[in-house]
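This report refers to the structure that appears directly beneath it.
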Amino acid sequence: MYKKNIFLFLISVIFLSLSNLELATAKKHPIKYLSLSVGVYRDVLIPKAGNTFSKGGTYRALLSLQYNPKRKLLRIYPKKTGIGTLFVRSPKSGDVIYEFRIDIKKTNLHKVAKDIQSLLKDIEGINIKIINNTVVVDGEILIPIDMNRILSVIKQYGDQASSLVTLSSLAQNKIAKLIERAINNPEVHVRAINGKFLLEGVVSSLADKKRAILLAQTYVPDIILNEGDGGKVQKRQTLDIIDLINVKIPPRPVKKRKLIQLVFHYVEMNKDYAKGFSFSWRPSLSSDTRLDLGLGKSTASTLTATISNLLPKLNWAKEHGHARVLKSVSIITENGVNGSLNSESQIPYLSGAGENISTSFVKVGLKSNVTPTIVSSSSNSIQLKIGFEVNSLISKSAAGPLTAGHNIKTSLVVRNGHSAAIAGLISNESGTFFNKLPAESVRNPILPLHASKDFSRKQSQFVVFITPIIKSSASAGTEKIKKKFNLKQ
Numbered sequence: 392m393y394k395k396n397i398f399l400f401l402i403s404v405i406f407l408s409l410s411n412l413e414l415a416t417a418k419k420h421p422i423k424y425l426s427l428s429v430g431v432y433r434d435v436l437i438p439k440a441g442n443t444f445s446k447g448g449t450y451r452a453l454l455s456l457q458y459n460p461k462r463k464l465l466r467i468y469p470k471k472t473g474i475g476t477l478f479v480r481s482p483k484s485g486d487v488i489y490e491f492r493i494d495i496k497k498t499n500l501h502k503v504a505k506d507i508q509s510l511l512k513d514i515e516g517i518n519i520k521i522i523n524n525t526v527v528v529d530g531e532i533l534i535p536i537d538m539n540r541i542l543s544v545i546k547q548y549g550d551q552a553s554s555l556v557t558l559s560s561l562a563q564n565k566i567a568k569l570i571e572r573a574i575n576n577p578e579v580h581v582r583a584i585n586g587k588f589l590l591e592g593v594v595s596s597l598a599d600k601k602r603a604i605l606l607a608q609t610y611v612p613d614i615i616l617n618e619g620d621g622g623k624v625q626k627r628q629t630l631d632i633i634d635l636i637n638v639k640i641p642p643r644p645v646k647k648r649k650l651i652q653l654v655f656h657y658v659e660m661n662k663d664y665a666k667g668f669s670f671s672w673r674p675s676l677s678s679d680t681r682l683d684l685g686l687g688k689s690t691a692s693t694l695t696a697t698i699s700n701l702l703p704k705l706n707w708a709k710e711h712g713h714a715r716v717l718k719s720v721s722i723i724t725e726n727g728v729n730g731s732l733n734s735e736s737q738i739p740y741l742s743g744a745g746e747n748i749s750t751s752f753v754k755v756g757l758k759s760n761v762t763p764t765i766v767s768s769s770s771n772s773i774q775l776k777i778g779f780e781v782n783s784l785i786s787k788s789a790a791g792p793l794t795a796g797h798n799i800k801t802s803l804v805v806r807n808g809h810s811a812a813i814a815g816l817i818s819n820e821s822g823t824f825f826n827k828l829p830a831e832s833v834r835n836p837i838l839p840l841h842a843s844k845d846f847s848r849k850q851s852q853f854v855v856f857i858t859p860i861i862k863s864s865a866s867a868g869t870e871k872i873k874k875k876f877n878l879k880q
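Numbered per this note's numbering, the sequence shown finishes at 880, counting up by one with no gaps.
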């Protein structure tokens, strides 16, 4: 009896020591509470455990364990209802690394399946089954947003339910078309293959590539992964987007200068008017007396007298002239590049006298020189630096052709398609002459009687217009020219 009491006392001391040790270590190690269902296993991560560990607690009658040392994953198989503890100890020191307080309950999977069926009845394409003590939701859905609803419902039942739902291939192809339409690049194509979206094609910059990927991520829905670490259901951000887009930076294009058409209009008008009246009676006497003496007895003498302009002269004349000259010049040049056009002809005339007569030429026509510059890219105003010269034939005389010349040099700003008069000259000359003797009149008449009146007036004016036009291409407007000159090709 005495030995029996001593034995019981020693057992009590050992039990209290172990209890105190467990209570002391409990303050230092983490405690996890697990609510399990019979027949539904649970995977728990224990990263602090080594390849092997020792176990303790009252778990043996309630569950069985399976450990994966590579993944540090402990799988718990509940066998019957009850409450127990599980200690994971270090094999070297014997310290408690993890403590699990487990509550195992009996579940009715048919009731869980019925509840999930009622919550997901509006979603087409899914099936709810009980397989291996788990309610499994399987099938294919057409609307990506339904995946989030399925995920939310399954999370409420923890390990009692899992999802194998995938997005339908028809929905994936539809999403691929929407992504391709949003990218809006004919060189980029999107395909849906095995739950992945392939972006293929060629873009001209990294910015276009990033934009295409961001648009794809926006359209691609979230999906549910299979069983993972730490839980039965996990949510991944998006379906896999495989980037196969190549960036091909094109060579730097040569900056094209804008083309500018410059149209000159030269208008010149001349008016001449002359009116004259003269009465002239200027008779004159001229004599020729000659005396011839010979050696003989004969002597000869001659007396001759001539009266000129014996009859009076009456002259009346009226002259009127009108001329109009119109010339148009068109030049197409690049922005900031000088353009010039010369249109001249040569008029021959004889010069010199005697044996030294030669042929000379006088140039008549126009010369144009202009440099257009667009003021700014956002403006349609054009700065023009202009040089313009015109020589025109007025009349012909014994000494040669008479020409009139005009020379213009200026700079101004004109709006696109608008016309501006860059220069003009108005000339008005008139004169009246009374009793003016003609150059061939007699100097010493017998009876001088002369009266005359001459009136002359000359008017001339010229104006130069310029119209700058910004052209899209050099060939713009050629159809009108071909039609005007009846050119088929």
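Just so you know, even glycine gets a beta-carbon here, dropped at the ideal spot from N, CA and C.
Secondary structure at Ile541, three-state DSSP: helix, strand or coil? On the sequence shown, residue 541 is found 150 positions in, with the first residue counted as 1. Helix at Ile541.
Looking at Phe853 and Leu793, is the spacing between their C-beta atoms short of 8 Å? Taking the sequence shown and counting its residues from 1, one reaches residue 793 at position 402. Taking the sequence shown and counting its residues from 1, one reaches residue 853 at position 462. No, these two residues do not count as a Cβ contact at 8 Å.
So what does Val654 bridge to, in DSSP terms? Position 263 of the sequence shown, counted from the start, is the residue given in the question as residue 654. DSSP output for Val654 lists Ser721 and Thr858 as bridge partner(s).
With C-beta atoms as the reference, is Lys587 less than 8 Å away from Ile636? By one-based count along the sequence shown, residue 587 stands at place 196. By one-based count along the sequence shown, residue 636 stands at place 245. Cβ distance not < 8 Å, so Lys587 and Ile636 don't count as in contact.
By Cβ distance, which residues of its chain are closer than 6 Å to Ser851, with the 5 residues on each side in sequence left out? Along the sequence shown, one-based indexing puts residue 851 at 460. Cβ within range, chain order: Asn661 and Ser818.
Own chain, CB closer than 6 Å to Leu477, minus 5 neighbours either side, in chain order: Taking the sequence shown and counting its residues from 1, the one referred to as residue 477 is at position 86. Hits under 6 Å: Gly448, Tyr450 and Phe491.
At the level of alpha carbons, what is the spacing between Ala665 and Ser843? Here residue 665 corresponds to residue number 274 of the sequence shown, with the count starting at 1. Here residue 843 corresponds to residue number 452 of the sequence shown, with the count starting at 1. Going by the C-alpha atoms only, they are around 14 Å apart.
Classify Arg648: buried if its beta carbon has 16 or more other beta carbons within 10 angstroms, exposed otherwise. In the sequence shown, the residue the question calls residue 648 occupies position 257. Counting Cβ neighbours within 10 Å, Arg648 comes out exposed, since fewer than 16 surround it.
Nearest-angstrom Cα distance between Ile541 and Asp486? Numbered from 1 along the sequence shown, position 150 holds the residue referred to as residue 541. Numbered from 1 along the sequence shown, position 95 holds the residue referred to as residue 486. If you take the alpha carbons of Ile541 and Asp486, they lie about 43 Å apart.
Please report the straight-line C-alpha distance between Thr501 and Gln563, rounded to a whole angstrom. Translated into positions along the sequence shown, residue 501 becomes position 110. Translated into positions along the sequence shown, residue 563 becomes position 172. Looking at the sequence provided, one finds His at residue 501 rather than Thr. Spanning the two alpha carbons is a distance of roughly 33 Å.
Please report the straight-line C-alpha distance between Lys639 and Val527, rounded to a whole angstrom. Looking up residue 639 in the sequence shown gives position 248. Looking up residue 527 in the sequence shown gives position 136. Each residue's Cα considered, the two are about 48 Å apart.
Among residues of its own chain, excluding the 5 on either side of Ser866, which ones have a beta-carbon nearer than 8 Å to its beta-carbon? For the purposes of this step, residue 866 is taken as the residue at position 475 of the sequence shown. For Ser866, where only same-chain residues beyond five positions count, there are no Cβ hits under 8 Å.
Gly621, buried or exposed, once every other Cβ within 10 Å from all chains shown has been counted against 16: By one-based count along the sequence shown, residue 621 stands at place 230. Annotation note: pLDDT 42 at Gly621 (below 50); position unreliable, coordinate value reported separately. With fewer than 16 other Cβ atoms within 10 Å, it is exposed.
Strand pairing of Gly822, partner residues [DSSP]: Here residue 822 refers to the residue found at position 431 when the sequence shown is read from its first residue. For Gly822, which the question treats as bridged, DSSP gives the partners Ser847.
Cβ atoms of Val431 and Pro469: under 8 Å apart, would you say? Locating residue 469 in the sequence shown gives position 78, where the first residue counts as 1. Locating residue 431 in the sequence shown gives position 40, where the first residue counts as 1. Yes, Cβ-Cβ distance for Pro469 and Val431 is below 8 Å.
In whole angstroms, what separates the C-alpha of Met538 from that of Val556? In the sequence shown, residue 538 corresponds to position 147, counting from 1. In the sequence shown, residue 556 corresponds to position 165, counting from 1. About 8 Å.
Helix, strand or coil for Val766? Go by DSSP, reduced to three states. The count along the sequence shown starts at 1 and reaches residue 766 at position 375. Of the three classes helix, strand and coil, the one that applies to Val766 here is coil, per DSSP.
Do Leu427 and Ile488 have their C-beta atoms closer together than 8 Å? Position 36 of the sequence shown, counted from the first residue, corresponds to residue 427. Position 97 of the sequence shown, counted from the first residue, corresponds to residue 488. Contact: no.
Let's test the definition: count the other Cβ atoms within 10 Å of the Cβ of Gly592 and tell me whether it reaches 16, buried, or not, exposed. Stepping through the sequence shown from its first residue, residue 592 is reached at position 201. Under this definition Gly592 is a buried residue.
For Ile570 and Val594, I'd like the C-alpha separation in whole angstroms. Position 179 of the sequence shown, counting from 1, holds the residue named residue 570. Position 203 of the sequence shown, counting from 1, holds the residue named residue 594. Cα to Cα, Ile570 sits roughly 16 Å from Val594.
Buried or exposed for Pro763, going by 16 or more other Cβ atoms inside 10 Å? One-based indexing of the sequence shown puts residue 763 at position 372. Pro763 comes out buried.
Could you please give the first and the last residue of the uninterrupted beta strand (DSSP E) stretch that includes His580? The residue labelled residue 580 in the question sits at position 189 within the sequence shown. Taken as a continuous stretch (DSSP letters only), the beta strand (DSSP E) holding His580 covers Val579 to Ile584.
Length at least 4, wholly inside the segment 490 to 567: the alpha helix (DSSP H) runs in chain order: 500 to 510 and 537 to 546
Rounded straight-line distance, which links the Cα of Asp663 to that of Glu889: This structure leaves residue 889 out entirely; the chain is present only between 392 and 880.
Measure the Cβ-Cβ separation of Ile813 and Thr801 and say whether it is below 8 Å. Reading the sequence shown from its first residue, position 422 is the one you call residue 813. Reading the sequence shown from its first residue, position 410 is the one you call residue 801. Their beta carbons are under 8 Å apart, which means Ile813 touches Thr801 by this criterion.
Counted within 10 angstroms of its Cβ, other Cβ atoms place Asp631 as buried (16 or more) or exposed: Stepping through the sequence shown from its first residue, residue 631 is reached at position 240. Looking at its Cβ environment, which holds fewer than 16 other Cβ atoms inside 10 Å, Asp631 is exposed.
Could you work out which residue in Leu425, Lys646 and Val611 is closest to Ile536 when comparing CA atoms only? Here the question's residue 536 lines up with position 145 in the sequence shown. Of Leu425, Lys646 and Val611, the residue nearest in Cα terms is Val611.
In the structure shown, what three-state DSSP assignment does Asn733 receive? Translated into positions along the sequence shown, residue 733 becomes position 342. Residue state, collapsed to three classes: strand.
Could you say which of Leu717, Lys505 and Ala583 lies nearest to Ile633 if we only look at CA atoms? What you label residue 633 is simply residue 242 of the sequence shown in a count that begins at 1. Of the candidates Leu717, Lys505 and Ala583, the one whose C-alpha sits nearest the C-alpha of Ile633 is Ala583.
Between the alpha carbons of Ser772 and His580, how many angstroms are there, rounded? Residue 772 sits at position 381 when you count from the first residue of the sequence shown. Residue 580 sits at position 189 when you count from the first residue of the sequence shown. About 44 Å.
Please report the Cβ distance between Val755 and Ile777, rounded to the nearest whole angstrom; I am assuming they are in contact, meaning their Cβ atoms lie under 8 Å. Here residue 755 refers to the residue found at position 364 of the sequence shown. Here residue 777 refers to the residue found at position 386 of the sequence shown. Not a contact, Cβ separation roughly 21 Å.
Figure out for me which residue from Ala744, Gln551, Arg643 and Pro642 has the closest Cα to the Cα of Asn523. One-based indexing of the sequence shown puts residue 523 at position 132. Closest option to Asn523, Cα to Cα, is Gln551.
Ser509 and Glu531: beta carbons closer than 8 Å? Taking the first residue of the sequence shown as 1, we reach residue 509 at position 118. Taking the first residue of the sequence shown as 1, we reach residue 531 at position 140. Not in contact: Ser509 and Glu531 (Cβ atoms no closer than 8 Å).
Does at least one heavy atom of the ligand PLP sit under 7 Å from the Cβ of Tyr432? Absence of the ligand PLP from the depicted structure is noted, as is the absence of any ligand whatsoever, leaving it without description.
Applying the criterion that 16 or more other CB atoms from any shown protein chain within 10 Å of the CB defines a buried residue, is Val479 buried or exposed? Here residue 479 refers to the residue found at position 88 of the sequence shown. Buried, because 16 or more other Cβ atoms sit within 10 Å of the Cβ of Val479.
Does the distance from the CB of Ser847 to the CB of Gly822 come in under 8 Å? Numbered from 1 along the sequence shown, position 456 holds the residue referred to as residue 847. Numbered from 1 along the sequence shown, position 431 holds the residue referred to as residue 822. Yes, Cβ-Cβ distance for Ser847 and Gly822 is below 8 Å.
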